[in-house]
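Q: Just so you know, the sequence shown maps onto residues 31 to 314 in the numbering used here.
This is the structure I have questions about; it appears just below.
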Amino acid sequence: NEDNPVALRGQIMAAFALNNDPNIGALFRQLLQSPSDELRGLAALGLGILRDTKAVDNLGYLLSQSIGTTQRAVCLALVAIGTPAALEAVAKALLQGDEDLRQAAAEALANDPQEGHEALREGITSEDILMRRAIAYGLARIPEDWAAELLQKTQIEDTQWVVRNVAVELLDSRSRPDPRIPRRLTPPAETPWLIEFAGRQGMGISPGQVANDILMQAFKGENNDERRAALSYLRHTPNEGIIGEFYRAYFGDDRELKEMVYHVIKDYASGGAQLPPPMQFGLG
């Protein structure tokens, strides 16, 4: 059901893939024919988990017919399957694809410590500019000294500024804190974006004020960055009113907001919180 968040559908896919049912591979191979890009991508990831060698030809074909996250999922699946034919399909994508496909192929090859890493080692000296650029992204995913050393060498010695700049950016990103690690939130009265938002509403924020009303206005607004930032505060005060608004967002039409809210609700449930039923708010 495409109305459900991708994260939820991904969890369902993983559960199917890990339940040892011998018929699941056939189901995933059939889903590769779906008109939905998201469903094809999830099916590809499932086939990668299963290491389904029967899917290699279909995945190789799908590689040239997909874009974005689906394309990346197919590359990851082929590398996970790891047969010569599967790796050959990814190598062909690295050699002949457009910029996005080459990058997806190189990043997937970083998951294979044997043939994949060797291909990246050799490819960084290729005469093909687009290939070297893509391989820099692959090297950046390998948390080993030799990969960092090759990137450092590339940022200095590569003959093309496009490749050098990518290497510089990737090395810089390796030195920054992981953005997925939660950070301490600043108090609302010291948070620039929220102060600016409150000002646009003709409101102020006093020191020590929880500011849930202002945060909720931002959450219900149209600015994606402000909604995401407001959610990071509101998730820590899960009263009934806030949970009700989260439910309304979850059952609304904004898919990006639905995805963000799903993770918050899932975290509440995983932590043992007693959540009211959506029907209490006229939803579900």
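Using N, Cα and C, we set each Cβ at its ideal position, and we do this for glycine too.
This one's a predicted model, so the numbers in the text were calculated from it and none came from an experiment.
Can you tell which of 219, 178, 187 and 210 has the C-alpha that lies nearest to the C-alpha of residue 200?
A: By 1-based counting over the sequence shown, the position of residue 200 is 170. Checking every option, the nearest Cα to that of residue 200 belongs to 178.
Q: Pull up the distance between the alpha-carbon of residue 125 and that of residue 133, whole angstroms please.
A: In the sequence shown, residue 125 corresponds to position 95, counting from 1. In the sequence shown, residue 133 corresponds to position 103, counting from 1. C-alpha separation (whole angstroms): 10 Å.
Q: With distance defined between alpha-carbon atoms, name the residue in 155, 127 and 248 nearest to residue 223.
A: As a working mapping, residue 223 is identified with position 193 in the sequence shown. Checked all of 155, 127 and 248; the closest Cα to residue 223 is 248.
Q: Am I right that residue 62 and residue 31 are in contact with their C-beta atoms under 8 Å? What's the rounded C-beta distance?
A: Taking the first residue of the sequence shown as position 1, residue 62 is located at position 32. Taking the first residue of the sequence shown as position 1, residue 31 is located at position 1. Between residue 31 and residue 62 the Cβ distance is about 18 Å, and since that is not below 8 Å, they are no contact.
Q: At a Cβ threshold of 8 Å, is residue 222 touching chain D?
A: Of the chains in the structure shown, none is chain D; there is only one protein chain.
Q: Within the continuous alpha helix (DSSP H) that includes residue 183, where are the two ends?
A: Translated into the one-based positions of the sequence shown, residue 183 becomes position 153. Taken as a continuous stretch (DSSP letters only), the alpha helix (DSSP H) holding residue 183 covers 175–187.
Q: For residue 104, is the classification buried or exposed, using 16 other Cβ atoms within 10 angstroms of its Cβ as the cut-off for buried?
A: Residue 104 sits at position 74 when you count from the first residue of the sequence shown. Residue 104 is buried by the Cβ-count criterion.
Q: If residue 236 and residue 219 are in contact, beta carbons under 8 Å, what's the gap, nearest whole angstrom?
A: In the sequence shown, the residue the question calls residue 236 occupies position 206. In the sequence shown, the residue the question calls residue 219 occupies position 189. Residue 236 to residue 219, Cβ: 6 Å. Contact.
Q: Suppose the cutoff is 8 Å on Cβ atoms and the five residues either side in sequence are ignored; what does the same chain contact list for residue 119 look like?
A: For this step, residue 119 is matched to residue 89 along the sequence shown. Hits under 8 Å: 86, 89, 90, 93 and 108.
Q: Using only alpha-carbon positions, find the residue among 310, 75 and 149 that is nearest to residue 275.
A: Along the sequence shown, one-based indexing puts residue 275 at 245. Of the listed residues, the one whose Cα sits closest to residue 275 is 310.
Q: Do you know offhand how far residue 112's Cα is from residue 145's?
A: Here residue 112 refers to the residue found at position 82 of the sequence shown. Here residue 145 refers to the residue found at position 115 of the sequence shown. Spanning the two alpha carbons is a distance of roughly 9 Å.
Q: Got a sec? Which residues, its chain only, sit under 8 Å from residue 54 by beta carbon, not counting five neighbours each side?
A: By 1-based counting over the sequence shown, the position of residue 54 is 24. Excluding positions up to five away in sequence, the list reads 46, 47, 76 and 80.
Q: Give the secondary structure of residue 133 by DSSP, where H, G and I count as helix, E and B as strand, and everything else as coil.
A: Locating residue 133 in the sequence shown gives position 103, counting from the first residue. Here DSSP, grouped into helix, strand and coil, assigns residue 133 to helix.
Q: Please classify residue 147 as buried or exposed, where buried requires at least 16 other C-beta atoms within 10 Å of its C-beta.
A: Working through the sequence shown from its first residue, we reach residue 147 at position 117. Answer is buried; the Cβ neighbour count reaches 16.
Q: Here's a check: name, in chain order, each residue in its chain whose Cβ is nearer than 7 Å to the Cβ of residue 78, leaving out the five neighbours to either side.
A: Mapped onto the sequence shown, residue 78 falls at position 48. Excluding sequence positions up to five before and after residue 78, its CB lies within less than 7 Å of the CB of 106, 107, 110 and 111, all in the same chain and listed in chain order.
Q: Closest to residue 216 by CA distance: which of 206, 193, 240 and 198 is it?
A: Position 186 of the sequence shown, counting from 1, holds the residue named residue 216. Of the candidates 206, 193, 240 and 198, the one whose C-alpha sits nearest the C-alpha of residue 216 is 240.
Q: Comparing C-alpha positions only, which one of 43, 193, 114 and 50 sits nearest to residue 68?
A: Here residue 68 refers to the residue found at position 38 of the sequence shown. Residue 68 has its Cα closest to that of 43, out of 43, 193, 114 and 50.
Q: Short of 8 Å in beta carbon distance, which residues of its chain neighbour residue 59, apart from the five on each side in sequence? Order them along the chain.
A: Locating residue 59 in the sequence shown gives position 29, where the first residue counts as 1. 73, 77, 82, 84, 85 and 88.
Q: DSSP state of residue 83, grouped into three classes?
A: Taking the sequence shown and counting its residues from 1, one reaches residue 83 at position 53. Residue state, collapsed to three classes: helix.
Q: Taking only three categories from DSSP, how would you classify residue 44?
A: For the purposes of this step, residue 44 is taken as residue 14 along the sequence shown, with counting starting at 1. Of the three classes helix, strand and coil, the one that applies to residue 44 here is helix, per DSSP.
Q: Start and end of the alpha helix (DSSP H) containing residue 300?
A: If you number the sequence shown from 1, residue 300 lands on position 270. Element bounds for residue 300: 285–300.
Q: Restricting to Cα atoms, I'd like to know which of 245, 221 and 238 is closest to residue 231.
A: Your numbering for residue 231 matches position 201 in the sequence shown. Selected option, being the one with the closest Cα: 245.
Q: Cα separation between residue 288 and residue 102?
A: Position 258 of the sequence shown, counted from the first residue, corresponds to residue 288. Position 72 of the sequence shown, counted from the first residue, corresponds to residue 102. Computed Cα separation, rounded: 23 Å.
Q: Can you find the residues in the same chain that come closer than 7 Å, C-beta to C-beta, to residue 40, ignoring five residues on each side of it along the sequence?
A: The residue given as residue 40 occupies position 10 in the sequence shown. Contacts found: 72.
Q: For a test of the three-state rule: what should DSSP assign to residue 222, helix, strand or coil?
A: Taking the sequence shown and counting its residues from 1, the one referred to as residue 222 is at position 192. In the displayed model, residue 222 falls within a helix according to three-state DSSP.
Q: Go to residue 114, then tell me how far its alpha helix (DSSP H) extends in each direction, as first and last residue.
A: Numbered from 1 along the sequence shown, position 84 holds the residue referred to as residue 114. First-last of the alpha helix (DSSP H) with residue 114: 114–126.
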